[in-house]
Ligand code: SDX
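Residue numbers (our numbering): 9 to 441.
Here it is as structure tokens:
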């Protein structure tokens, strides 16, 4: 039985249908609003607007719940692997052992990149940001693997596997070439995460020692980043896909969106913020006061979230990982101590409490990456590798929607009314008035 809400405009009353999600979330269906009323809605940043129906990821921001295909993030972080979670997100079900084995073979078979791509890497300025390189190289894959027929399921499966596998190789290549080091090729005997670490850190004079605890930490790190429903970069991927643009270009646009310091770029911004605190001996109190100052554009990086109005469940797991990874290496990180002090101070501050500002996934993630040896300017690339399965799942779901239309928001126009054209000779007089 469809539920309705009533909208009264002047003398008219309109009935608008209500859509209810599987977790009880309700939405007012405004599909015919303008046609019926002549009105549109106004919601910059889309904080109150659902762009799609989705069965991939469920979040409850008030209760700090996150589930991929119904499975709680805490369980997946504990029990699963990144390779398995990637399969779950993209295909909608947990793979059987046979499906895992086949997926691993495909990931291995597609792990190399075309040798001609090396010249692309060689010609980027040495100081190029790895996210700019990654976005460009993902787009370039289309030129090297042009045959993506939207209706050819196998073609899509190969393209998905190429992206999932090659993104690691390209990320590691950009790092090696930025250091002037020899590129390390993927190995058939290593797992998804171990291969990436080996491609990053193996050298001819010092072979990289694969440590299973480090591999496990990286796998959990990527599981925590794998999807997050309609975040800015996933919404971008859907937006670009709605024009029926090829998947490589959609993902390239997602990488570019993630790069921003308000989104995935925050993990790099957090470490730079904590580093500045240590170097300049800034107090947690000073930083929190600065973040609260409306006349200061500074925001506490790694804090706050559009959806979570409580502790980000991923941040909770990431914080525990920091202690475990640092203990593994029998080391400490002064930035972790600062981060914990900052969190404790902020969570006692009325402004942060009243604004529901808690640590998000980016607040502690950089500490884990530093412990593994990932350079700071690669942090957001690490986020992108983790988020790729989610972007692909969101793209696939939208492509499979029979009612998919091109995304084209409306606006409220506030510019000049009809204005006459003034010939150039008369304009100076006009301005001098
Ligand atoms: C990610 O969407 C996702 O799911 C993203 C993500 C994912 O997995 O895909 O979770 C990954 O991007 C996490 C967020 C990483 N970004 C940061 O850590 C940057 C710092 N955080 C903020 O800039 C902010 O909290 C956002 C961007 C995350 C959310 O912005 P909103 O929802 O638009 O909130 P807002 O900017 O309107 O802020 C609401 C209020 C404002 O104060 P008032 O004007 O209402 O008094 O909270 C304040 C803001 O000034 N505020 C902060 C703050 N974040 C919000 N004040 C100080 N420090 C902060 N970090």
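Note that CB positions come from ideal geometry on N, CA and C, so glycine has one too.
- Of the residues assessed, residue 94 falls on the buried side of the cut-off, its CB having 16 or more other CB atoms within 10 angstroms.
- The alpha carbon of residue 143 has as its nearest neighbour, out of 168, 234, 262, 204, the alpha carbon of 262.
- It is roughly 14 Å from the alpha-carbon of residue 20 to the alpha-carbon of residue 13.
- Taking 8 Å as the upper bound for CB-CB distance, residue 341 and residue 375 are in contact here, some 6 Å apart.
- Between residue 119 and residue 174, the beta carbon gap of about 7 Å places them in contact (Cβ cut-off 8 Å).
- By the Cβ test, the region 221–232 is in contact with the region 327–339, since at least three Cβ pairs between them sit closer than 8 Å.
- Boundaries for residue 132: no alpha helix (DSSP H) harbours it, and the DSSP string shows neither H nor E there.
- Here residue 95 carries a helix assignment [DSSP, helix/strand/coil].
- For residue 45, the uninterrupted alpha helix (DSSP H) segment begins and ends at 41–45.
- Look at residue 311: its beta carbon is less than 7 Å from one of the heavy atoms in the ligand SDX.
- At least one heavy atom of the ligand SDX falls within 7 Å of the beta-carbon of residue 240.
- In the DSSP assignment, residue 65 falls outside any alpha helix (DSSP H) and within the unbroken beta strand (DSSP E) covering 65–68.
- Residue pairing by DSSP places residue 76 opposite 65, 79 in a beta bridge.
- For residue 35, the pairing in a beta bridge is given by DSSP as 27.
- Apart from the 5 residues on each side of it in sequence, residue 145 sits with its Cβ closer than 6 Å to the Cβ of 178 in its chain, given in chain order.
- Between residue 281 and residue 309, the beta carbon gap of about 5 Å places them in contact (Cβ cut-off 8 Å).
- Looking at the DSSP output, residue 367 shares a beta bridge with 311.
- The residue from 104, 213, 154, 203 with its alpha-carbon nearest to that of residue 117 is 203.
- Taken in chain order, the whole alpha helix (DSSP H) runs of length 4 or more contained in the region 275–349 are 292–300, 321–336.
- Taking the Cα of residue 125 as reference, the smallest distance to any Cα among 51, 229, 153 is reached at 153.
- The beta carbons of residue 73 and residue 97 sit about 17 Å from each other, so the pair does not count as a contact at 8 Å.
- The continuous stretches of alpha helix (DSSP H) do not include residue 48, and DSSP gives it neither H nor E.
- When distances are taken from the beta-carbon of residue 262 to the heavy atoms of the ligand SDX, even the shortest one reaches 7 Å or more.
- Not one heavy atom of the ligand SDX sits closer than 7 Å to the Cβ of residue 56.
- Straight through space, the alpha carbons of residue 166 and residue 160 are spaced by roughly 10 Å.
- Boundaries for residue 184: no beta strand (DSSP E) harbours it, while the alpha helix (DSSP H) harbouring it runs 161–186, taken from the DSSP string.
- For residue 21, the pairing in a beta bridge is given by DSSP as 16.
- Scanning its chain for C-beta atoms nearer than 7 Å, with the 5 sequence neighbours on each side dropped, one finds around residue 381 the residues 209, in chain order.
- Collapsing the DSSP output to three states places residue 351 in a helix.
- DSSP, read as helix, strand or coil, puts residue 405 in helix.
- Residue state for residue 107 is assigned as helix, using DSSP reduced to three classes.
- Residue burial is scored here from C-beta neighbours: residue 432 has fewer than 16 other C-beta atoms within 10 angstroms and is therefore classed as exposed.
- Under DSSP, no beta-bridge partner is assigned to residue 123.
- Per the Cβ contact rule, the region 342–350 is not in contact with the region 245–259 (fewer than 3 Cβ pairs under 8 Å).
- By the neighbour-count definition (other C-beta atoms within 10 Å, threshold 16), residue 316 is a buried residue.
- The three-state reading of DSSP puts residue 11 in strand, counting E and B together.
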